[in-house]
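J.:
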Amino acid sequence: MMKLGLQILLSLLLCDVAFAVRLKDVANLRGVRDNQLTGYGLVVGLKGTGDSKMEFTGKSVKRMLDKMGMKVAGEEISSQNVAAVIVTATLPPFARAGNKIDIQVSSLGDAGSLKGGTLLQTPLRAADKNVYAVAAGPLLVSGTHTTVASLPNGGMVEKDMDAEFAHRKMYRYTLNNPDLTTAARIAKTINMDLGGKYATAIDPATVDLIVPFTWEGKGVELLSVIESLQVFPDIKAKVVVNEKTGTVVMGENVQIAKVAFSHGDLTVTIGGSQNSRRGPAALNAPPPKIEKVHMIEGAQDTVSVGELVQSLNRMGVSPKDLIVILQNIKASGALQGDLEIL
Numbered sequence: 007m008m009k010l011g012l013q014i015l016l017s018l019l020l021c022d023v024a025f026a027v028r029l030k031d032v033a034n035l036r037g038v039r040d041n042q043l044t045g046y047g048l049v050v051g052l053k054g055t056g057d058s059k060m061e062f063t064g065k066s067v068k069r070m071l072d073k074m075g076m077k078v079a080g081e082e083i084s085s086q087n088v089a090a091v092i093v094t095a096t097l098p099p100f101a102r103a104g105n106k107i108d109i110q111v112s113s114l115g116d117a118g119s120l121k122g123g124t125l126l127q128t129p130l131r132a133a134d135k136n137v138y139a140v141a142a143g144p145l146l147v148s149g150t151h152t153t154v155a156s157l158p159n160g161g162m163v164e165k166d167m168d169a170e171f172a173h174r175k176m177y178r179y180t181l182n183n184p185d186l187t188t189a190a191r192i193a194k195t196i197n198m199d200l201g202g203k204y205a206t207a208i209d210p211a212t213v214d215l216i217v218p219f220t221w222e223g224k225g226v227e228l229l230s231v232i233e234s235l236q237v238f239p240d241i242k243a244k245v246v247v248n249e250k251t252g253t254v255v256m257g258e259n260v261q262i263a264k265v266a267f268s269h270g271d272l273t274v275t276i277g278g279s280q281n282s283r284r285g286p287a288a289l290n291a292p293p294p295k296i297e298k299v300h301m302i303e304g305a306q307d308t309v310s311v312g313e314l315v316q317s318l319n320r321m322g323v324s325p326k327d328l329i330v331i332l333q334n335i336k337a338s339g340a341l342q343g344d345l346e347i348l
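Per my numbering, the very first residue in the sequence shown carries number 7; after that it's consecutive.
And the structure:
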């Protein structure tokens, strides 16, 4: 029966070096990502809930009217039916001119509500300052946060993204979890499949792929083959402990070298056998007067962290004490891996 009160949840990740995954699951093609778009615009049609301070918003209204051929003095603009807003959107990779995207609108001034308003045509720029989309239309306000609104499909893409993608001479993959061994394995797997040295591991996070002559102009077909290749990621030995929940997550191969420690009334010896750790004179000597003595034996004088945690859990060690024990084992150099405390 599980003891009430202190419980330790042990999650043992069985990370066998023989397990394979698709390349696309461990690495991303550089450049194939979303892009953030931002613009400044005006929302009109508000029922007295717009910006009350018109000095800034009024100038924007005046500039808009000037572009429309209407000359209006700044002091003549005093309506509270207008609000200055920041317009944001996410431009997906390979977006093409004419595609629709969702828009979000947020009040910039002191407008009380954007409900019932209409966003005037607003150019949306990326970090390179180029306009990639425009947004306009009636706002959709939901919930109690009325100074933020949305326009489903309210934006239109004006510029194609990466139209020459299929004709590149080189592609670059970025590993989700940078690792020298994994990068080298990816390059080797690609080269074996293509029958030549076309892929190179540049660093732990980067693998470059030179397009073979026979694949030129067929980048999409080439990458569909490459991303389906099975690769064998190398998992770094690491133990993650959540101090609040007492959860311990570790890889299968995280080992603890020969070590002995005492914590309160508990003494634990790791590695080897009990007799090998006691000299001839000590074999006939009475055991020390300690309330709890435990020995964890393992092959080659090591045990896994999972075995240690399971043993301590059976002995009723609290999550807090477990964390202290793991920290001290790590400090002694016996823990063969990284320890992260959340």
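Ideal Cβ placement from N, Cα and C applies to all residues, glycine included. Predicted model, so just to flag it, every value in this text is computed and none were measured.
So, Leu29 versus Ile232, is the Cβ gap smaller than 8 Å?
T.: Result yes, Cβ atoms of Leu29 and Ile232 sit closer than 8 Å.
J.: Would you tell me roughly how many angstroms separate the C-alpha atoms of Ala172 and Pro99, rounded to the nearest one?
T.: Looking at the two C-alpha atoms, the distance is approximately 13 Å.
J.: As a quick exercise: from Val93, Asn182, Leu328, Asn248, pick the residue whose alpha carbon is nearest that of Pro158.
T.: Of the candidates Val93, Asn182, Leu328, Asn248, the one whose C-alpha sits nearest the C-alpha of Pro158 is Val93.
J.: Work out the CA separation of Ala142 and Gln261 for me, nearest whole Å.
T.: One C-alpha to the other measures close to 59 Å.
J.: Consult DSSP for Arg69 and reduce its assignment to one of helix, strand or coil.
T.: Residue state, collapsed to three classes: helix.
J.: Is His269 helix, strand or coil when you go by DSSP?
T.: It is a strand residue.
J.: Give the secondary structure of Thr188 by DSSP, where H, G and I count as helix, E and B as strand, and everything else as coil.
T.: Looking at Thr188 - three-state DSSP - the assignment turns out to be helix.
J.: In the stretch 211 to 242, which residue ranges form an unbroken alpha helix (DSSP H) of at least 4 residues, counting only runs that do not cross its ends?
T.: Segments of the alpha helix (DSSP H) lying fully in the stretch 211 to 242: 225 to 232.
J.: Please report the residue range of the alpha helix (DSSP H) in which Asp134 lies.
T.: Here Asp134 belongs to no alpha helix (DSSP H), and DSSP marks it neither H nor E.
J.: Rounded to whole angstroms, how far is the Cβ of Leu114 from the Cβ of Ala90, which I believe are closer than 8 Å?
T.: So it is a contact: roughly 4 Å between Cβ atoms.
J.: So Lys244 is in the beta strand (DSSP E); what residue range does that whole segment cover?
T.: 244 to 248 is the span of the beta strand (DSSP E), which, as asked, contains Lys244.
J.: Is Ala139 closer than 8 Å to Val111 when the C-beta atoms are compared?
T.: Against a cut-off of 8 Å, the Cβ pair of Ala139 and Val111 comes out as no contact.
J.: According to DSSP, what are the bridge partners of Met321?
T.: Looking at the DSSP assignment, Met321 forms no beta bridge with any residue, so it has no partner.
J.: Which residue marks the beginning of the beta strand (DSSP E) containing Lys165, and which one marks its end?
T.: No beta strand (DSSP E) holds Lys165; DSSP gives it neither H nor E.
J.: With Val32 as the anchor, note down where its alpha helix (DSSP H) starts and where it stops.
T.: Segment 29 to 32, the alpha helix (DSSP H) holding Val32.
J.: Looking at C-alpha atoms only, which residue of Arg131, Gln236, Ile208 is the closest neighbour of Phe25?
T.: For the residues Arg131, Gln236, Ile208, the minimum Cα distance to Phe25 belongs to Gln236.
J.: Skipping 5 residues on each side, what residues in its chain have a beta carbon closer than 6 Å to that of Val246?
T.: So the qualifying residues of the chain are Val255, Glu346.
J.: Assign Ser156 to one of two classes, buried (16 or more other C-beta atoms within 10 Å of its C-beta) or exposed (fewer than that).
T.: Exposed, because fewer than 16 other Cβ atoms sit within 10 Å of the Cβ of Ser156.
J.: For Val49, which residues from the same chain have a beta carbon less than 6 Å from its beta carbon, with the 5 sequence-adjacent residues on both sides left out?
T.: For Val49, where only same-chain residues beyond five positions count, the Cβ hits under 6 Å are Ala89, Val91, Leu120, Gly123, Leu125.
J.: May I ask you to report which of helix, strand or coil DSSP gives Arg283?
T.: Model confidence at Arg283 stands at a pLDDT of 41, short of 50, so the residue's coordinates are unreliable; what they give is reported in the following sentence. Of the three classes helix, strand and coil, the one that applies to Arg283 here is helix, per DSSP.
J.: Taking the straight line between their C-alpha atoms, what separation do you get for Ile216 and Leu229?
T.: Whole-angstrom Cα-Cα distance: 11 Å.
J.: For Met176, which of Arg36, Leu97, Arg320 has the nearest alpha-carbon?
T.: Of Arg36, Leu97, Arg320, the residue nearest in Cα terms is Arg36.
J.: Between the beta-carbon of Val274 and the beta-carbon of Ala33, is there less than 8 Å?
T.: Not in contact: Val274 and Ala33 (Cβ atoms no closer than 8 Å).
J.: So, for Ser338: in the same chain, excluding its five sequence neighbours on each side, which residues have a beta-carbon less than 7 Å away from its beta-carbon?
T.: If we look at Ser338 and ignore the five residues flanking it on each side, its Cβ neighbours are Val265.
J.: I need the DSSP call for Met198, collapsed to helix, strand or coil.
T.: Looking at Met198 - three-state DSSP - the assignment turns out to be helix.
J.: Compute the Euclidean distance between the alpha carbons of Ile329 and Lys203, then round it to the nearest angstrom.
T.: Between Ile329 and Lys203, the C-alpha separation is close to 47 Å.
J.: Using the beta-carbon count (16 or more within 10 Å), is Ser310 buried or exposed?
T.: It is buried - the Cβ of Ser310 has at least 16 other Cβ atoms within 10 Å.
J.: From this set, Leu146, Leu348, Val38, Thr55, which residue's C-alpha is nearest Thr253's C-alpha?
T.: The shortest Cα separation from Thr253 among Leu146, Leu348, Val38, Thr55 belongs to Leu348.
J.: Taking the beta strand (DSSP E) that Asp108 belongs to, which residues open and close that run?
T.: Residues 106 to 113.
J.: Quick check: what's the CA-CA separation for Pro325 versus Glu249?
T.: Looking at the two C-alpha atoms, the distance is approximately 7 Å.
J.: Going straight from the alpha carbon of Arg178 to that of Asn136, what length do you get?
T.: Taking the straight line joining both Cα atoms gives about 24 Å.
J.: Assuming Tyr177 is part of the beta strand (DSSP E), what are its boundary residues?
T.: 176 to 181 is the span of the beta strand (DSSP E), which, as asked, contains Tyr177.
J.: Using the beta-carbon count (16 or more within 10 Å), is Thr153 buried or exposed?
T.: Thr153 comes out buried.
J.: Mapping the DSSP letters down to three states, classify Leu145 as helix, strand or coil.
T.: If DSSP states are grouped into helix, strand and coil, Leu145 belongs with coil.
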